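Numbers 2 to 114, taken from the numbering used here, label the letters of the sequence shown in order.
The C-beta atom is built at its ideal place from N, Cα and C for all residues, glycine as well.
Owing to the predicted nature of the structure, the values given are computational and were not obtained by experimental measurement.
To start, the structure under review is shown below, and the notes come after it.
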Amino acid sequence: MVITLGELIIWLIIAALVGFVGELLARRRTPFGIVGAIIVGFIAIFLVVGVLHWHIIGEPYLNGVPLVTSILAAAVLVLIWSAFAYHHASGYYARHYRRGGYAGRPRRRYRWF
2 MVITLGELII WLIIAALVGF VGELLARRRT PFGIVGAIIV GFIAIFLVVG VLHWHIIGEP
62 YLNGVPLVTS ILAAAVLVLI WSAFAYHHAS GYYARHYRRG GYAGRPRRRY RWF
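Structure, rendered in structure tokens:
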């Protein structure tokens, strides 16, 4: 599989679109903002086109990239990446208010909207 410079530039543009739409579908954000979305989109395109060769019959292609399958792969990658990137061993809230003897953490306010 040979990738030219023109294909790489077009793949990066498509990766930005695929990563952004994948973020919207997953309802989560990737770390590093738009750069993270481009990275996730590019990895999704590479996995779908270069490694796994998955596609849906009748799916629209843009410069050899299957759009629907790449968007779905990007959504799955966003879920996986954000699950590992934002995971902490113990919550920040539990250890934030340790000032001294009787100072406890304030009551948690539940917001409905």
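Helix, strand or coil: how does DSSP classify Val66 here?
In the sequence shown, the residue the question calls residue 66 occupies position 65. DSSP, read as helix, strand or coil, puts Val66 in strand.
Quick check on the DSSP output: the alpha helix (DSSP H) that includes Gly42 runs from which residue to which?
By one-based count along the sequence shown, residue 42 stands at place 41. Gly34 to Ile46 is the extent of the alpha helix (DSSP H) around Gly42.
Under a three-way DSSP split, which group does Val3 fall into?
Within the sequence shown, numbered from 1, the residue matching residue 3 stands at position 2. Reduced to three states, the DSSP call for Val3 is coil.
Near Ser83, which residues of its chain fall below 8 Å by C-beta distance, leaving aside the five closest residues on each side in sequence?
Residue mapping note: residue 83 aligns to position 82 of the sequence shown, counting from 1. Only Ala27, Arg29, Arg30, Thr31 and Pro32 meet the Cβ criterion.
Beta-carbon within less than 7 Å of Phe21's beta-carbon, same chain only, minus the 5 sequence neighbours each way: which residues are those?
As a working mapping, residue 21 is identified with position 20 in the sequence shown. Once the five neighbours on either side are set aside, the close Cβ partners of Phe21 are Ala38.
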